[in-house]
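Using this note's numbering, read the sequence shown as starting at 190 and increasing by one per residue. The C-beta atom is built at its ideal place from N, Cα and C for all residues, glycine as well.
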Amino acid sequence: QGWLCVLAVLAVLCQCRSLRRPGGGSAASAVRCYSGAELWDEAPAQLLGRRLRWARHVSVQLPVAQSKVSPRPRSIDEDENRYPRQLAFAECLCSGCVDVKTGRETTSLNSVTIQQTMLVLRRKPCPRPGEPGLVALEVDFIRVPVGCTCVLPRTAR
C-alpha cells in the first residue's frame with residue numbers, strides 16, 4: 190500500500206508540474222476542471238498514471254502469538270470530497286501496552302499512534318468563472334494514524 194501511495198504522489202506531482210505554463214498565465218487558467226462523468230468517483234487516470242484498486246490490498250494478518258503488543262482496531266474515515274474517499278484510521282485500544290509474557294496491560298509503557306503524512310486529492314469548485322458544476326482537484330496532505338506502538342513515558346524534568 191505504501192508503494193501505491195508513492196506512485197500516486199509521483200503521478201500527481203508530474204501532473205502539477207505540467208500545469209505550469211511558461212509566461213506566467215493566471216492560476217485559474219492553469220487549473221484543470223472535471224465534470225462528474227470524467228471522475229467516476231475516482232481521480233482521473235492521468236493523475237494516477239494507472240488505475241489503483243485500494244480494496245485489493247489487505248493488511249498483514251499475523252497469528253495471535255506474533256501480534257503487536259499495542260492493539261489497534263481500524264475505523265473507516267469517509268470523505269466524499271477526498272480521493273481516496275475511504276481511509277482506515279488506526280486507534281490504540283489501551284493507554285498502556287500489553288506485556289507479552291503476562292498478557293496484561295502494563296503502564297510502564299505508553300501506547301501511541303503512528304502517524305503517516307499522506308497525499309490526497311480534494312474536490313473543490315472549479316475556480317474558472319462560467320463553469321458551474323465542474324470541480325478541480327487540489328493536492329492536500331493529511332496525517333493518518335496507521336498503527337500503534339509502545340514508547341517509554343515522558344518523565345518530568
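Looking at the DSSP output, N299 sits in a beta bridge with V340.
E269 carries a coil assignment under DSSP once its states are collapsed to helix, strand and coil.
Assignment of beta-bridge partners to T306 by DSSP yields R332.
Per the C-alpha coordinates, the member of T296, L276, F330, G225 positioned closest to R263 is L276. Taken through DSSP and simplified to helix, strand or coil, E280 comes out as coil. With a cut-off of 8 Å on Cβ pairs, the segment 283-290 is not in contact with the segment 318-333, counting fewer than three such pairs.
If you look at L228, you'll find it in the alpha helix (DSSP H) that goes 225-228. Under a 10 Å Cβ-count criterion, A226 is classified as exposed, with fewer than 16 other Cβ atoms of the shown protein chains found around its own Cβ. Counting other Cβ atoms within 10 Å of its Cβ, L341 stays below 16 and is therefore classed as exposed.
Ranked by Cα distance from T338, the first of A279, C222, N270, Y223 is A279. Sequence-distant Cβ neighbours of R312 in its own chain, meaning closer than 6 Å and more than five residues away, are N270, V324.
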